[in-house]
Each structure stands twice: as structure tokens, then as C-alpha cells.
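> So for the sequence shown, our numbering puts the first residue at 65; every next one is plus one.
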Amino acid sequence: MGGGLVADDFKTGHDACDSDLPLKPARTLVLIGCSGNGKSATGNSILRSEAFKSKAQAAAVTKECLFSLFPSNESTIREILKCSHLAKEGIDAVLMVFSLRSRLTEEEKSVLFVLKILFGDAIVDYLIVVFTNEDSLVDNNATINDYLEGSPDFKEIIAACNNRMVLFENSLRTSKRKKEQVQRLLDLVEEVERKNNKKPFLFDLSHETMESEAVVDEKAKRISAMKGKYTEQGMSNWKEEEVNSPHHQLSQKVEKVIETTSLLEQKLNQEQNARLEAEKRAKKLHEESSEEIKNLKEKLERAEKELEKREKSCIIL
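1) Going by the DSSP bridge assignment, what does A157 pair with across the sheet?
2) With DSSP as the reference, identify every bridge partner of T61, one or two as the case may be.
3) Count the other C-beta atoms from every protein chain shown that fall within 10 angstroms of the C-beta of T207, then say buried if there are 16 or more, exposed otherwise.
4) Mapping DSSP to helix, strand and coil, what is L182?
5) So what does DSSP say about F265, is it helix, strand or coil?
6) For the segment 209-223 against the segment 162-173, are there 3 or more C-beta pairs whose distance is under 8 Å?
7) Can you tell me whether L168 is helix, strand or coil according to DSSP?
8) How about Y190 and N234: are their beta carbons less than 8 Å apart?
9) Distance check for A157 and L182, CA to CA, integer angstroms please.
10) Can you check which of these residues, E255, E323, G154, T196, is closest to R228 by C-alpha distance?
11) Do L159 and L93 come within 8 Å of each other at the CB atom, strictly closer than that value?
12) Determine, using beta carbons only, whether I357 and F265 come nearer to each other than 8 Å.
13) Decide if E352 is buried, meaning its Cβ has at least 16 other Cβ atoms within 10 Å, or exposed.
14) How many Å lie between K369 and H350 at the Cα?
15) Please state the DSSP three-state secondary structure of A338.
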């Protein structure tokens, strides 16, 4: 998702730190971006190995799992949906890879909407923006803020990711700096995990649903409707159409039902906990009262025996 969306591709992999980085559980990451944005090089930096072929050339180097985020046919969409199922235990984070050597294209401005169409709104909570070619900023004596200046669409993407952003220079020769940038990325992955209560993103479409022509066709039509609307006014009109569409309204209703159900479950749990707590207090009071009654009876019995003993003593006298 990170460069020209027409040539976006998906890869899955597990991050691996070398011995100088803290040993942590394996995570499943997905790298998305335009051909040439540096996904392969970024993946190699994370894995600390040449797992993906990476060269500076015009054509795409890595061919496996190459998909367009503006797919031209239903079969490509079906393959994209299947990709998420390669991660059977879920996806810990999705890395959107952009190159600082190029500007955001008109097509890329709608990247968030394409991902939401394909995977649902929840995917946004797992997104991290990765800027490659950090050295280009140094060459131009600029900062990342300078680069983002005048690009509200880019800022919108970063804001949607809750400002989860990291700069990468995959051509670094210094081992220490490589480790530092990987660690910064892993810190953001941990932030994503905390935000999602350590629950990975699980795509909830079954295999049968993914194969459904109706589902695939519906997604293809929604994505196709975005083509040619990359201008600010065009995207604004598309967003309005999307909000007013029956599909969006149905999704909103479903989300409302889920939210209401969740609130009712929370309320029920609170009431159950309150009832259990009240029962515990009542039981404790009953036990304390029973103990107090028992003690009073024992005292009364002792007093009666003492009184009886005194009465007998008086009669003898």
C-alpha cells in the first residue's frame, strides 16, 4: 500500500532479532507498498537476513505475493483475501512502506479506503507507516516534517495510524544504527499490540465466503468505483457515496449491534459481579452473626450454671 497503489504488493514474514536485540516472541508482519518502495529491503532489515531479493531497478524484483490494491479482476481480489489466511494465528502489524524519494501519488491517497474495503475498518488499528530512503532527507538537508508539508493526504494517513511512523535507511552499513531503527519499529509493533490488547488481526471471512462470487464481486465494484476519483473533490464525493451506500449503512448497523451487545455483556458482568459480592457480604454477615449468637449462648449457659451454683450454695448455708 505504500507507493503507487496500482503496483502494491503483500508479503508476510516473521521478525527476527539478532542476539544483541531483546529476545521476544515471533510476530507476523505484513509489508504493503508500491513496487520500488523498498519492501524487500525493509523485510531483510527486520529479519537480519537476505530473505527477499532486493535490487535498485525499474521492474519489480520480488514476484511472490504481488498484488495490486486496485485489482483489475475478481481473481486478484480473491488472492489478496487469501493472503491474510497465510497468517493462521493472525497479523500483529501491517507495515505500509513509502519511499521518501517520491511523492504520494493520487492513487495512494485512497489507500486506507481500499484496505478497509478488503479487510474491514479494524485493519487501521494495526497499521504502521514506514518511510524508506531516509538518507534522501539528509541529502536535501530536510526533515520528515518538511517532506510532509503541503501533503494533507499523507498527514491523514499517518493520523489514521495514530502517528505510528518510523524512518528506515536499508542501505546502512553501520550495524548499530540498523539495530536502532529495527528496535524503533518493534517498539511501534508493541504499541499496536497494547492498543489491541495483544490480540492479532484475524480476518473473519471463511474460505467458503472468500470463494463467494457475490462477496468478491461486491468488493471489486466498491474498489472500481474509486478509480478516477483521486482528486480531492473526487475522493470527497466518493466518501459521501460510500457513507450513503446500503453496504455502509448495513455495516454501521452491524457495528452498532455489536457495540450494544458488548455494552450489555459488560453491564451483565458488572451486575453478576455485584450480586456475587453482595452474596459474599451476606454470607460473611451470617457467619459473623452465627458466631456471635453462639458466643452469647455459651455465655448465657455459663451464667445460668454460675447462678445455679450460687443458689445451691445459699441453701446449704
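Positions of the beta carbon are idealized from the N, C-alpha and C atoms, including for glycine.
So, from the data block:
1) The sequence position of residue 157 within the sequence shown is 93, counting from 1. Answer is L93, bridged to A157.
2) Missing from the structure shown is residue 61; the chain here goes from 65 to 381 and no further.
3) Stepping through the sequence shown from its first residue, residue 207 is reached at position 143. By the beta-carbon neighbour count (other beta carbons within 10 angstroms, threshold 16), T207 is exposed.
4) For the purposes of this step, residue 182 is taken as the residue at position 118 of the sequence shown. Here L182 sits in helix by DSSP.
5) Taking the first residue of the sequence shown as 1, we reach residue 265 at position 201. Reduced to three states, the DSSP call for F265 is strand.
6) yes
7) Start at 1 with the first residue of the sequence shown, and residue 168 comes out as number 104. Residue state, collapsed to three classes: coil.
8) On the sequence shown, residue 190 is found 126 positions in, with the first residue counted as 1. On the sequence shown, residue 234 is found 170 positions in, with the first residue counted as 1. Against a cut-off of 8 Å, the Cβ pair of N234 and Y190 comes out as no contact.
9) What you label residue 182 is simply residue 118 of the sequence shown in a count that begins at 1. What you label residue 157 is simply residue 93 of the sequence shown in a count that begins at 1. Cα-Cα distance, rounded: 16 Å.
10) The sequence position of residue 228 within the sequence shown is 164, counting from 1. The option with the nearest alpha carbon to R228 is E255.
11) The residue given as residue 93 occupies position 29 in the sequence shown. The residue given as residue 159 occupies position 95 in the sequence shown. Contact flag set, yes.
12) Taking the first residue of the sequence shown as 1, we reach residue 357 at position 293. Taking the first residue of the sequence shown as 1, we reach residue 265 at position 201. Taking 8 Å as the Cβ cut-off, I357 and F265 do not qualify as a contacting pair.
13) Counting from 1 along the sequence shown, the entry for residue 352 is found at position 288. With fewer than 16 Cβ atoms within 10 Å of its Cβ, E352 is classed as exposed.
14) On the sequence shown, residue 369 is found 305 positions in, with the first residue counted as 1. On the sequence shown, residue 350 is found 286 positions in, with the first residue counted as 1. Rounded to whole angstroms, the separation of the alpha carbons of H350 and K369 is 28 Å.
15) The count along the sequence shown starts at 1 and reaches residue 338 at position 274. Residue state, collapsed to three classes: helix.
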